[in-house]
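> Here the sequence shown stands for residues 1 to 188, numbered as in our numbering.
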Amino acid sequence: MRLLLYALLMVLLAPLLLLGLPFYMVPILLRRGEVSGTTYEPFNGRLLYHLMGSRPDAAAAKLAGGLPATNRAYMALMMRPLVWASRVTGYLPAFLEYPPPRPTPMSAMVGARCEFLDEAMLDHAPGAAQATYLEPFTFGFPIMPDFSGRLSDTLEKHGLALDRDRPMGDEGEGGLPYGGRVLALKPA
């Protein structure tokens with residue numbers, strides 16, 4: 001019954017969700033090569049888990065307001081309706097479960113990726129209030145010599161500060177990290 005009610009609500013909310021899609025996609029497409037759509041996948045999962053209350057992540061929620069593709073319209077038109085529909089019906093789809101169910105279905109792979117990265121971050125940034133892994137181009141901040149400064153400015157606007165910024169993986173030519181970066185965030 002819960003699944004049926006959830007499906008019905010999702011059909012009714014489909015126009016709202018479709019209206020929110022351009023607010024997510026257009027900033028990524030306009031800044032192609034600067035903003036990683038792949039990076040937003042686990043980040044959006046973390047935001048959903050935070051909104052659901054299964055994985056508190058105040059740092060990600062604060063950071064979302066300053067990123068191109070997680071603007072207020074996207075949050076209001078796409079993220080919050082998914083959470084609302086789940087809460088109203090009492091149905092929790094696998095993609096909203098954290099930690100993900102075992103065995104993990106394909107629909108819960110974002111949760112599995114998030115859980116894997118959470119565990120990996122504990123090794124690279126012990127004791128950090130929040131840690132995240134960034135790919136070479138993340139959220140519109142290319143990982144270059146001015147990366148930390150540009151990111152720090154955005155974090156500061158949202159009450160966060162960069163605690164640690166470490167390369168993960170081998171260093172490539174010019175001192176750029178081959179495998180991305182581990183950032184540890186703390187309240188400003």
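Cβ atoms here follow ideal geometry from the backbone N, Cα and C, with glycine treated the same way.
Indicate whether the contact test is met: 3 or more Cβ pairs, each with one atom in the stretch 74-81 and one in the stretch 5-24, closer than 8 Å.
Yes, the stretch 74-81 is in contact with the stretch 5-24.
> For Tyr98, I'd like the list of residues in its chain whose CB is within less than 6 Å of its CB, leaving aside the five on either flank, ordered along the chain.
If we look at Tyr98 and ignore the five residues flanking it on each side, its Cβ neighbours are Tyr49, Ser54, Arg55, Gly111.
> Just checking my contact of Ala59 with Leu47 at CB under 8 Å: how many whole Å lie between their CB atoms?
Actually they do not touch by this definition, with Cβ atoms about 11 Å apart.
> From this set, Leu8, Gly159, Leu16, Met25, which residue's C-alpha is nearest Asn44's C-alpha?
Minimum Cα distance to Asn44 is reached at Met25.
> Let me check understanding here. Comparing Cα to Cα, which of Ser107, Ala69, Leu96 lies closest to Leu82?
Residue Leu96 is the option with its Cα nearest to Leu82.
> Check whether the Cβ of Leu77 sits closer than 7 Å to any heavy atom of the ligand FMN, and report yes or no.
This structure does not include the ligand FMN; it has no bound ligands of any sort.
> My guess is that Leu12 and Tyr91 are in contact by the Cβ rule of under 8 Å, so how many angstroms apart are they, rounded?
That belief does not hold up - the Cβ atoms of Leu12 and Tyr91 are roughly 14 Å apart, past 8 Å.
> Using only alpha-carbon positions, find the residue among Leu117, Pro101, Leu29, Pro93 that is nearest to Phe68.
The displayed chain sequence assigns Pro, not Phe, to residue 68. Of the listed residues, the one whose Cα sits closest to Pro68 is Leu29.
> In the DSSP assignment, find the alpha helix (DSSP H) that holds Arg102 and state where it starts and stops.
No alpha helix (DSSP H) holds Arg102; DSSP gives it neither H nor E.
> Please return the same chain residues whose Cβ sits closer than 6 Å to the Cβ of Leu17, not counting the five positions on each side in sequence.
Hits under 6 Å: Met78.
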